[in-house]
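Student:
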Amino acid sequence: MNAMEFTHKSVLLDECIDALKIRPDGVYVDGTLGRAGHSREIAQRLTTGRLLCIDRDMAAIDAAKERLAPWMDRVTLIHGNFSELGDALQEAGIAGADGMLFDLGVSSPQLDDASRGFSYMQDAPLDMRMDLTAPLTAREVVNAWSYEELRRILFEYGEERYAPAIAKAIVRRREIAPIETTLELVDIIKSAMPPAALREKQHPAKRSFQAIRIAVNGELDALPPMLSAAVEHLNPGGRLAVITFHSLEDRIVKRAMQDLSRGCTCPPAFPVCVCGKKPKVKVLTRKPIVSGEAELEENPRARSAKLRVAEKCDPFDL
Ligand SMILES: C[S@@+](CC[C@H](N)C(=O)[O-])C[C@H]1O[C@@H](n2cnc3c(N)ncnc32)[C@H](O)[C@@H]1O
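Residues 278 to 595 (this note's numbering) are what the sequence shown spells out, left to right.
#1: Throw me the rounded Cβ distance for the Met534 and Arg585 pair, which I believe falls under 8 Å.
#2: Tell me which residues share the same chain as Tyr397 and place their Cβ nearer than 7 Å to its Cβ, disregarding the 5 neighbours each side in the sequence.
#3: By DSSP, does Ala374 sit in helix, in strand, or in coil?
#4: Quick one: Cα of Glu477 to Cα of Val306, how far?
#5: When the Cβ atoms of the region 406 to 417 are set against those of the region 546 to 555, are three or more pairs found closer than 8 Å?
#6: With which residues is Ile597 paired in a DSSP beta bridge?
#7: Under the three-state reduction of DSSP, which class applies to Arg380: helix, strand or coil?
#8: Nearest CA to the CA of Ser384: which residue from Leu403, Gly370, Ala336, Glu368?
#9: Between Lys445, Ile566, Ala469, which has its C-alpha nearest Ala518's C-alpha?
#10: Is Asp295 near ligand 1, judged by its Cβ being under 6 Å from some heavy atom?
#11: Sorted by chain position, which residues of the same chain lie with C-beta nearer than 6 Å to Ala442's C-beta, five sequence neighbours on each side aside?
#12: Can you give me the C-alpha to C-alpha distance between Lys589 and Ile338, rounded to a whole angstrom?
#13: By how many angstroms is the C-alpha of Arg406 removed from the C-alpha of Ser360?
#14: Could I get the ranges of all uninterrupted beta strand (DSSP E) runs contained in the region 384 to 467, with 3 residues as the minimum, in chain order?
#15: Pro513 by DSSP, collapsed to three states: which one?
#16: Taking the alpha-carbon positions, what's the Asp332 to Pro544 distance?
#17: Measure the alpha-carbon distance for Phe522 versus Asp380 and round it to whole angstroms.
#18: For Lys583, list the residues DSSP reports as bridge partners.
#19: Please determine, among Glu526, Ser524, Glu509, Ala546, the residue with the shortest C-alpha to C-alpha distance to Ser538.
#20: Look at Leu573 and Ile529 and say whether their C-beta atoms are less than 7 Å apart.
#21: By the 10 Å Cβ neighbour count, where 16 or more other Cβ atoms means buried, how is Phe593 classified, buried or exposed?
#22: Tell me whether Thr410, by its Cβ, gets closer than 6 Å to a heavy atom of ligand 1.
#23: What would DSSP say about Ala280, mapped onto helix, strand or coil?
#24: Can you tell me the Cα-Cα spacing of Ala415 and Leu427, whole angstroms?
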């Protein structure tokens, strides 16, 4: 057994398995395979059912061949972006699924592998791509994006209070020479922050690294196409479960589920409905499900996790 296998603790594992209401003959999608923690639990509950696993990181696909080896007769692995979910389902010959899970963000093995450039603790070339075949790297973002763009992403995606000062420091430094490594970037970020901010419990570069990672991977842009394709391809009664780790992601998921759960949008003054719009899903989590004390003690990463679940409506019941 390889040591990397267990470096990712699956978040809200029991809650996701409950939410998906897995049937042994059902068809399921894990759109964020990672180290296959959730996929293993799904795969072992299937008999004649199928599980389609997607990840944009080839390392996840390779690791899953070993992790999911006992169940490969019912598992299909696809290297790709879940924003192209419709194509992945078609490629796998799946017309409709009974449950889909998306556990967003990065996996611990991605953070732990210093060479990937996600970590502000270890020196590496500025990369941060989940998909090593994608064209945009952190090096490009840091060295080529304008001051305004850098400030915007640091502020919006990182909720970084010192976004203007950090963006200015990056632009000033790159005028001397290109910024090449993670620890060089950490020094620049720290140089733009007041001493009190450097003494805070959280690492001073944490928010900026998160922001750059979200930008490099287009993490927010991938959500709307994934959410609408997921709902479109769920069978009636099928469940969609999404775990987010960032308030912007959670807002996108919450609003999409709310919008899809709304029926008629005619003005109240209309005597009869003319829009004909029917709800596509029922939201099962008015408030998101969060981790309990036991999980939080074991896995600090679970602290910001929020699970939202919706169920596909049966058009004949409406
Ligand atoms: C938090 S981890 C998933 C962990 C997994 N549930 C487990 O239990 O091991 C997120 C994974 O999703 C992948 N990922 C993130 N965004 C993606 C996207 N748009 N398309 C496909 N995979 C994505 C990442 O590469 C990473 O491996």
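The C-beta atom is built at its ideal place from N, Cα and C for all residues, glycine as well.
Tutor: Looking at the coordinates:
#1: 6 Å
#2: Thr459, Val463, His480, Ala482, Lys483, Phe486
#3: strand
#4: 40 Å
#5: no
#6: Shown here, the chain extends from 278 to 595; a query on residue 597 therefore has no answer.
#7: The displayed chain sequence assigns Asp, not Arg, to residue 380. In this structure, Asp380 counts as strand in the three-state DSSP scheme.
#8: Ala336
#9: Ile566
#10: no
#11: Ala469
#12: 28 Å
#13: 16 Å
#14: none
#15: strand
#16: 42 Å
#17: 9 Å
#18: Thr521
#19: Glu509
#20: no
#21: exposed
#22: no
#23: Its pLDDT being 41, under 50, Ala280 is placed unreliably by the model, and nothing is read from it.
#24: 11 Å
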